[in-house]
Each structure stands twice: as C-alpha cells, then as structure tokens.
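Shown next, in structure tokens, is the structure this report addresses.
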Amino acid sequence: MRTYWTIQYKEAWEQAKHKGILTGNAAWAIEGYEKAYQWMIGQMVKRLACEWCFPVWVWTERPDLRRRWDSEKGKVFILLQAEIEEKRVLLSDYHAWHSVLNNSPLEVYEGEKIDLQESWERIFDMELLRNTPYLTWPGEQYSIELQGVTPFIPVENLQEIKTFVIR
28 MRTYWTIQYK EAWEQAKHKG ILTGNAAWAI EGYEKAYQWM IGQMVKRLAC
78 EWCFPVWVWT ERPDLRRRWD SEKGKVFILL QAEIEEKRVL LSDYHAWHSV
128 LNNSPLEVYE GEKIDLQESW ERIFDMELLR NTPYLTWPGE QYSIELQGVT
178 PFIPVENLQE IKTFVIR
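Here the sequence shown is numbered in this note's numbering, starting from 28 and rising by one per residue.
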C-alpha cells in the first residue's frame with residue numbers, strides 16, 4: 028500500500044460515502060479532453076488488467092491547494108488521502124500527459140518520426156523522460172511530477188483531509 032491524494036468534487040465524495048467506493052465519473056471530466064481520457068482508460072485496461080472504467084486521478088504528493096485549478100469559482104472540492112495497492116495505480120508524468128491532452132506527439136528529439144499514440148506511451152517511462160534533453164532547457168534535468176489513475180478506491184481506504192473552494 029502507498030499513500031496517494033485525490034481531489035474530488037464534493038458530490039463525488041458524498042456519492043462515495045453512500046456507495047462505499049470512490050469511482051471516476053465521465054460527467055465530471057474536463058470538457059474537450061474526452062479523446063485523451065479514452066486513451067488513458069485503454070492504457071488502464073492494458074496495464075492494470077482492469078475493466079473499462081473511468082479513472083480516479085491521484086497524486087503521489089499532496090497537491091498544493093493554492094494552485095490554479097481548472098474549475099468555476101465557488102465550486103467546492105475535497106482533498107482526500109488514500110491508501111492504495113501500488114499494482115492498482117498506473118503512474119504517469121503530469122507534464123508529459125499534456126501531449127496526450129493536446130493531441131500532439133511526445134518527441135524525444137526535434138523532428139522525430141513516431142506514431143502519435145505510440146509516442147504517448149512515453150508518459151509512463153520516467154527514466155526516458157528524465158534523460159531526454161530535448162524536453163528541457165539546456166543544462167537542466169526534466170522534472171517529473173507523478174500523477175496516477177486507478178479504477179476505484181474503497182471508502183475505508185480514504186481519509187478526508189480538507190474541503191476547499193475555488194477562488
């Protein structure tokens with residue numbers, strides 16, 4: 028078991044407490060990213076050997092709640108801490124994930140010829156990302172920011188940490 032954090036709509040947390048399990052919900056996904064989410068769900072099926080289901084997004088570090096979150100002002104969220112078996116979490120790099128979100132290749136050198144979706148699989152290869160100078164400014168090392176997806180989290184593995192409102 029490892030500790031992860033997830034930020035959920037208040038409604039998702041209320042549903043989870045009622046059902047006994049926190050699951051992802053396509054209705055709460057960011058509009059315009061449907062194709063990227065479908066790709067990630069396919070990766071979960073392939074790499075976690077799970078059923079086709081919408082992911083619960085998690086972080087390996089406690090998120091900074093002062094960060095700008097993509098949501099409407101006044102919306103209530105809950106930061107939850109979770110204990111999850113590592114084999115049930117598919118980790119990727121948050122920054123590299125934006126190649127998938129933007130439907131652009133994740134190149135390791137300028138002008139690289141690679142299949143688009145094949146290049147996206149690099150978001151799971153932390154060693155490759157860390158050692159690819161093309162992804163950073165000269166003289167700097169790529170900074171990994173781990174995020175993960177999991178099919179579900181049992182409520183008994185969750186602990187409410189903080190309620191916050193988007194300002």
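Each residue gets a CB set at the ideal place from its N, CA and C atoms; glycine is no exception.
- As the crow flies, the alpha-carbon of Pro178 is around 9 Å from that of Trp79.
- Rounded to the nearest whole angstrom, the CA to CA distance from Gln108 to Trp84 is 12 Å.
- The beta carbon of Met71 sits closer than 7 Å to those of Cys77, Pro82, Leu117, Val176, Pro178, all from its chain and outside the five residues before and after it, given in chain order.
- Going by DSSP, Glu145 is part of no beta strand (DSSP E) but of the alpha helix (DSSP H) stretching over 143-147.
- Contact check for Gly47 and Val182: beta-carbon distance about 5 Å, within the 8 Å limit, so the pair qualifies.
- For Lys37, the uninterrupted alpha helix (DSSP H) segment begins and ends at 37-46.
- With a contact defined as Cβ atoms closer than 8 Å, Ile150 and Arg29 miss out at about 19 Å.
- Burial check for Ser131: the Cβ neighbour count within 10 Å stays below 16, so the residue is exposed.
- Leu155: member of the alpha helix (DSSP H) spanning 153-157, first to last residue.
- Approximately 4 Å separates the beta-carbon atoms of Leu133 and Ser146; this is inside 8 Å, confirming the contact.
- Here Arg74 has Leu117 as same chain residues with Cβ atoms under 6 Å from its own Cβ, once five neighbours each way along the sequence are excluded.
- Leu107 has Thr33, Glu187 as its beta-bridge partners, per DSSP.
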